[in-house]
Structure formats: C-alpha cells, structure tokens
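Q:
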Amino acid sequence: MRRRVLLNVGVPILSLVLVLVVWQLIVVGFHVASYIAPRPREAITSVTSQWSTLWPLILGTIRETIYGYVIGAALGFVLGVVMAKIAIVQRLVYPVILVSQAVPVIALAPVLVIILGFGIVPKIVIVTWIVFFPVTVNVLDGLGHVDPDLKNLARVYGASRWRTFVQIEVPASTTPLFSGLKIGAIYAVTGAIIGELAASEGNSLALYQEHANSNLNTAAVYGTTMVMTLIGIAWFLLVVGLEIWSTPWQRRTVARRRWRRGSDGGAG
Amino acid sequence: MPTTLLELRGVGKVFGGTVALSATSLAIEEGSFVAIVGPSGCGKSTMFNIIAGLVAPDGGDVVLRGATITATTGHVGYMLQKDLLVPWRTVEDNITMATRLTRRVTDEDRAEARRVARQYGLGEFLRHYPSALSGGMRQRVAFMRTLVTHHELLLLDEPFGALDAQTRLEMQEWLLQVWKDTGRTVLFITHDVDESIFLSDRIVVMSPRPGRVVADLANPLARPRGIHTLLEPDFIALKAKVLGLLHGGAA
Ligand SMILES: Nc1ncnc2c1ncn2[C@@H]1O[C@H](COP(=O)(O)OP(=O)(O)O)[C@@H](O)[C@H]1O
Ligand SMILES: [Mg+2]
Numbered sequence: 003m004r005r006r007v008l009l010n011v012g013v014p015i016l017s018l019v020l021v022l023v024v025w026q027l028i029v030v031g032f033h034v035a036s037y038i039a040p041r042p043r044e045a046i047t048s049v050t051s052q053w054s055t056l057w058p059l060i061l062g063t064i065r066e067t068i069y070g071y072v073i074g075a076a077l078g079f080v081l082g083v084v085m086a087k088i089a090i091v092q093r094l095v096y097p098v099i100l101v102s103q104a105v106p107v108i109a110l111a112p113v114l115v116i117i118l119g120f121g122i123v124p125k126i127v128i129v130t131w132i133v134f135f136p137v138t139v140n141v142l143d144g145l146g147h148v149d150p151d152l153k154n155l156a157r158v159y160g161a162s163r164w165r166t167f168v169q170i171e172v173p174a175s176t177t178p179l180f181s182g183l184k185i186g187a188i189y190a191v192t193g194a195i196i197g198e199l200a201a202s203e204g205n206s207l208a209l210y211q212e213h214a215n216s217n218l219n220t221a222a223v224y225g226t227t228m229v230m231t232l233i234g235i236a237w238f239l240l241v242v243g244l245e246i247w248s249t250p251w252q253r254r255t256v257a258r259r260r261w262r263r264g265s266d267g268g269a270g
Numbered sequence: 030m031p032t033t034l035l036e037l038r039g040v041g042k043v044f045g046g047t048v049a050l051s052a053t054s055l056a057i058e059e060g061s062f063v064a065i066v067g068p069s070g071c072g073k074s075t076m077f078n079i080i081a082g083l084v085a086p087d088g089g090d091v092v093l094r095g096a097t098i099t100a101t102t103g104h105v106g107y108m109l110q111k112d113l114l115v116p117w118r119t120v121e122d123n124i125t126m127a128t129r130l131t132r133r134v135t136d137e138d139r140a141e142a143r144r145v146a147r148q149y150g151l152g153e154f155l156r157h158y159p160s161a162l163s164g165g166m167r168q169r170v171a172f173m174r175t176l177v178t179h180h181e182l183l184l185l186d187e188p189f190g191a192l193d194a195q196t197r198l199e200m201q202e203w204l205l206q207v208w209k210d211t212g213r214t215v216l217f218i219t220h221d222v223d224e225s226i227f228l229s230d231r232i233v234v235m236s237p238r239p240g241r242v243v244a245d246l247a248n249p250l251a252r253p254r255g256i257h258t259l260l261e262p263d264f265i266a267l268k269a270k271v272l273g274l275l276h277g278g279a280a
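Listed in order, the protein sequences are those of chains A and B. According to the working numbering, the stretch in the first sequence is residues 3 to 270, in order. According to the working numbering, the stretch in the second sequence is residues 30 to 280, in order.
1) Indicate, with yes or no, if ligand 2 has a heavy atom lying under 7 Å from the CB of Ser160 (chain B).
2) Who are the near neighbours of Asp266 (chain A) in its chain, counting only those whose CB is closer than 6 Å to its CB and skipping five residues on each side?
3) Using a Cβ-Cβ cutoff of less than 8 Å, which residues in the same chain neighbour Leu192 (chain B) once the five nearest sequence positions on both sides are dropped?
4) Under 8 Å by Cβ, that's how I've got Ser274 (chain A) and Gly225 (chain A) pegged, so tell me the actual separation to the nearest angstrom.
5) Mind listing which residues have their beta carbon within less than 5 Å of any non-hydrogen atom of ligand 1? Chain order is fine.
6) Going along the segment 97-109 of chain B in order, which residues come within less than 9 Å of chain A, judged by CB to CB distance?
7) Could I get the ranges of all uninterrupted alpha helix (DSSP H) runs contained in the segment 152-235 of chain B, with 4 residues as the minimum, in chain order?
8) Contact defined as beta carbons within less than 8 Å: I believe Ile232 (chain B) pairs with Ser74 (chain B). What is the distance between those atoms, to the nearest angstrom?
9) Give a single yes or no on whether Asp151 (chain A) has its beta carbon closer than 7 Å to a heavy atom of ligand 2.
10) Taking Cβ-Cβ distances shorter than 8 Å, what residues in chain B pair up with Val158 (chain A)?
11) Does the count of Cβ pairs from the segment 43-57 of chain A and the segment 98-112 of chain A closer than 8 Å reach three?
12) Could you check the C-alpha separation between Trp25 (chain A) and Phe32 (chain A) for me, to the nearest Å?
13) State yes or no: is the C-beta of Gly67 (chain B) within less than 8 Å of the C-beta of Met235 (chain B)?
14) Count the other CB atoms within 10 Å of the CB of Ala208 (chain A); is the residue buried (16 or more) or exposed (fewer)?
15) Going by DSSP, which residues form a beta bridge with Asp90 (chain B)?
16) Given that His157 (chain B) touches chain A, what residues does it touch there, using C-beta distances under 7 Å?
17) Cβ of Thr55 (chain A) within 8 Å of Cβ of Val129 (chain A)?
18) My assumption, with CB atoms under 8 Å, is that Gly234 (chain A) sits in contact with Ile188 (chain A). Please give the rounded CB distance.
19) Using a Cβ cut-off of 9 Å, pull out every chain A residue sitting near Thr211 (chain B), in sequence order please.
20) According to a CB-to-CB cut-off of less than 8 Å, which residues of the segment 228-242 of chain B neighbour chain A?
21) Can you list, in chain order, the residues of the segment 16-40 of chain A whose Cβ is nearer than 7 Å to any Cβ on chain B?
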C-alpha cells in the first residue's frame, strides 16, 4: 500500500522535478539569454511576485474551465446515450459532431465573439465544444460494448429499460466514460485560454501573458504558461480522483463499507 | 399425482432459414431435476431462451403453472456458463442484483442474501468484489442470485461448463444439496453425460441440428448421490444408453 502510494504520487512528482532540472541545465549549460528563456526559478518568481494580480485572473480561467467542462461533460454524456439508444439520431448527429471537431477552435473563436460578444459565454462555449467530443465518443463506445448476455439476463429478470440502463449499462461503461472525461479535462484549459485570447476585452490570464510578451518580460511569459499548465493538471487530477473514488472495485478486493446509493434504498 | 410446473406445447424456432429448435413439447414436474443433453448447436439454449421469454417461438406456447407466459420475461430464474456477476458490486449486492433490477432492494432482501450465502459457504465473501473469487465461487454467487429471485423454475445452461473436473464435481454435489433444501424445479443443460446422470431425475436427450427430443429417460439412481454413484451399474447402463442415443446407434 505504502509502496503503491509512493509509486503513484512520488514518481510523477519526481518526473516533473526532472523537467525543471533539465530546463535549468539547458538554460545554464547553453548560456541561453534570459529574454529567450528564463531559469525555472525566475519564471516561478515572476508568478509569486505578481500573485495578487494573477490570482483573480487564475480564478477567472478556472471558472471558465469548470463551467465549460461541466456543461461539456453533461452534454457529451447525454449525446452519447441518445446516440447509443436511437440509431437514427446516431446517423444524423455523428457527421455533425465530426465536422464540429474538424473546425479549428482558434478560428471558431472570432465567430463566437461575433455571435455571443465578449464576456465569459464564448469561453464557456469553446471549452464545452472541446470537452463534449471525447466524452460522447467514449460513452457511445462504452454503451455499445456492454455484454449482451448481461443485458439479456436483466431482461429475463423483468428489468425495465431504465433500470437496465442505470444498474447495468452505465456502471459497465465507467472505464470508457472516464477516459473521455480525462481527455476532456486535459484539453479544457486550452479551450479556456483560446477563448480568452480571442474574446477578452478586459482582464484574463491569456491577455496577461500577451501583455508580458509585448513588454519583453520573458520570465512572466514562461511563468504564466506554467500556471496555465498547472490548472490543467489540477483539473485532470481532480477527475482522476473522482474516478478512483467512484470505482473502488477496480483496486480493492473487499468493499470498504456498505455502499448504498439512490435506487438501492436504505439509509447510511 | 405430481403437478406439472412447466409445459412446452409445440414451441419451435427458425433463425433465418436455420431450424434452431424443431417444434418441441415437454412437461416438467414440480420439484424435479431434469437434465437436457444434446450436441452443441442443437437448440438447447434456444429452448431456454424461449422459456425465459427472451426469444419468441415461431409457434406454440410456454405454460407455467397453467398460465401462458410465451414471450414474456420475469417468470424464471436463469443462469449461464458465464457467471455474469457485475464487477462493481460486492458478492452480497450481486446476489440481490435481480431484485435491484425490478424494484428497491430492502433490508429483508439483503438479510436473505446474507443468510443463503452463509448457509452455502459464501459467508466470508459477502463484502468481496467478484474479481477476488475463484471460478467455482463465482458460479455459486451466480446461483445464489438466481435462487433469491424466488422463481420456482430455475434454468441452468451449462453452469459448470467452464470449471475444472474437480471443482465441477464439488459444485454438482453442492447444487444437489441446495436443490434438496429449497425444493425448486431445475432444468439443467449440459453436454456432459456424466453430469446429466449424476444430477437428474430425468434426462431429455436431443438430436443434432435441427434439434428435437429423441428420448426422455427416467433416472433410477438413488439419492443422495456421491462419488460412489459414478461407479454403480445403473449409472454405467444409463450412460451407455445416453451415449448411444447421442452418437446415433441404439444401446
Ligand atoms: N439469435 C440467434 N440468431 C441466429 N441464429 C441463432 C441465434 N441463436 C441461436 N442460433 C442458432 O441456432 C442453433 C441452435 O443454437 P443454440 O440454441 O445456442 O444451441 P445449443 O445451446 O444447443 O448449443 C445454432 O445453429 C445457432 O447458431
Ligand atoms: Mg448453448
């Protein structure tokens, strides 16, 4: 158990530290000018020293990410389910979804600004746009691969379609569902930043970075990039945590405690 | 005079030109253990699917305790070679799974699941996930799940087909014990002739495709049965007869 925690937490942290070390070595070793690449320490200081300015911007990016992600995940799930259940919808909607993903998001942003104006809405739309697709595709795939014998068994017992869906099909699809959610999580912040670039009039993390760039403040450009990356990683880890929490059977041989939910009835 | 629990009245099924099951009639007595043997592809599973209501027969009727249940589900217990336990539920929750698929699981349901599990050797595993269990244990759980549906008729389709010989024999003895205790009616498909004789009161032998019933044999072997049963002259005689029927020649 200890060993596993060490392996699962320690090793990723170590590999990130290694990235910083390599960065440091390159910058120092090759005498890279500081206006091209700062040392890791300078990049980090550029963030901490401006923290009171940055923090509201970070919160703004997180807000866009969360709204867009939650809407996108929900939309993606519902679309996946509807497409899996109704063949004609799948035939009609699948091409549209594919086309939607072929549109370069960066080119989409100005269009959204024209339609939706500035503010948070176009950013949320972009995040949603990016997030729903892997969720839909994976849910569709997962629901399509539920063991037909298991579904037949449910039928033999006289299960309704709804109960079969809730009790069998959804839990049987958790692995692909979380694959989609994790892919979406890692791209969500990218979507939010693209939105900020194209549709910000006032303050945003992306504009802060642009501003630093035009001021030749290279350390802050790198620092802001690190902050954006960290938001993405944090969001990804949150989803991983949710997966671990909601799928105990994938790691344990014995249930930790009585596990009762919704239709299961019973309190506690 | 024993009562008839299940009656098949001329049920048959053709799948796109292939006769999966010729029109078959069969009556099953309440409380009996009937084995169905036949070569692979002769329509045994199709017959079960018709009884279970998964497949609508092309003609004929399925009658359970006098009521026609043709092409309707929810009347029988049903178990396959694949245990079909769900990995995300504990043993206890897998046992109550059939109930959960139709209504809320009550505390009584859970208590019953725990009781039967303890009674039949699964007590220590109630909170285990299925992935932690051996094949034989998993089949026991699957059978418990079938049992707590409270259906009088249990359809078991090669339930021990994937187990090794040793485990299989243990499971057969175990199943006979549960059957004796609970008084259910069992229809048991197997292609293992020894198994069919060891377990049953009666053996229905089916022909190769297109499947139909070619013989309906009473099994005279005394109960309780054990390893000694496998060596009795009656056992050998019955085995010779069934093998003869399955392989064309008369014994
Ligand atoms: N759903 C189905 N669609 C088409 N053919 C089927 C279907 N179910 C069974 N069959 C065919 O019917 C025949 C009998 O199958 P089955 O009842 O599974 O035999 P058994 O259980 O005796 O091995 C086989 O030829 C099989 O391929
Ligand atoms: Mg079969």
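Virtual Cβ for every residue (Gly too), placed ideally from N, Cα, C.
A: With the given structure in hand:
1) As a first step, residue 160 (chain B) is located in the second sequence; it is residue number 131 there, counting from the start. No, the Cβ of Ser160 (chain B) stays beyond 7 Å of every heavy atom of ligand 2.
2) Counting from 1 along the first sequence, the entry for residue 266 (chain A) is found at position 264. In this prediction, Asp266 (chain A) scores a pLDDT of 45, lower than 50, which makes its location untrustworthy; no coordinate-derived value is stated.
3) As a working mapping, residue 192 (chain B) is identified with position 163 in the second sequence. Cβ within range, chain order: Gly164, Gly165, Gln168 and Met200.
4) Here chain A has residues from 3 to 270 only, and residue 274 (chain A) is not among them.
5) Going along the chain, the residues that qualify are B:Phe44, B:Ala49, B:Ser69, B:Gly70, B:Cys71, B:Gly72, B:Lys73, B:Ser74 and B:Thr75.
6) Listed in sequence order: Thr101, Thr102, Gly103, His104, Val105, Gly106, Tyr107, Met108 and Leu109.
7) Here the runs fully enclosed are 164-176, 194-211 and 222-228.
8) Within the second sequence, residue 232 (chain B) is the residue found at index 203, counting from 1. Within the second sequence, residue 74 (chain B) is the residue found at index 45, counting from 1. Between the beta-carbon of Ile232 (chain B) and that of Ser74 (chain B) there is about 18 Å, and that puts the pair past the 8 Å contact cut.
9) By one-based count along the first sequence, residue 151 (chain A) stands at place 149. Checking the Cβ of Asp151 (chain A) against ligand 2 gives no.
10) If you number the first sequence from 1, residue 158 (chain A) lands on position 156. Within 8 Å of the CB of Val158 (chain A), the CB atoms of chain B belong to Ala81, Gly82, Leu83, Thr102, Gly103, Val105 and Tyr107, in sequence order along the chain.
11) No, the segment 43-57 of chain A is not in contact with the segment 98-112 of chain A.
12) As a position in the first sequence, residue 25 (chain A) is number 23, starting the count at 1. As a position in the first sequence, residue 32 (chain A) is number 30, starting the count at 1. Taking the straight line from one Cα to the other gives about 11 Å.
13) By 1-based counting over the second sequence, the position of residue 67 (chain B) is 38. By 1-based counting over the second sequence, the position of residue 235 (chain B) is 206. Contact flag set, yes.
14) For this step, residue 208 (chain A) is matched to residue 206 along the first sequence. With 16 or more Cβ atoms within 10 Å of its Cβ, Ala208 (chain A) is classed as buried.
15) Along the second sequence, read from residue 1 onward, the residue named residue 90 (chain B) stands at position 61. The bridge partners DSSP lists for Asp90 (chain B) are B:Arg38.
16) Locating residue 157 (chain B) in the second sequence gives position 128, counting from the first residue. Neighbours of His157 (chain B) on chain A, chain order: Thr255 and Val256.
17) Counted from its first residue, the first sequence places residue 55 (chain A) at position 53. Counted from its first residue, the first sequence places residue 129 (chain A) at position 127. Pairing Thr55 (chain A) with Val129 (chain A) gives a Cβ-Cβ distance that is not under 8 Å.
18) The residue labelled residue 234 (chain A) in the question sits at position 232 within the first sequence. The residue labelled residue 188 (chain A) in the question sits at position 186 within the first sequence. Confirmed, Cβ separation roughly 6 Å.
19) One-based indexing of the second sequence puts residue 211 (chain B) at position 182. The CB of Thr211 (chain B) never comes closer than 9 Å to any CB in chain A; the least such distance is about 18 Å.
20) Residues: none.
21) Cβ proximity to chain B below 7 Å picks out nothing from the segment 16-40 of chain A.
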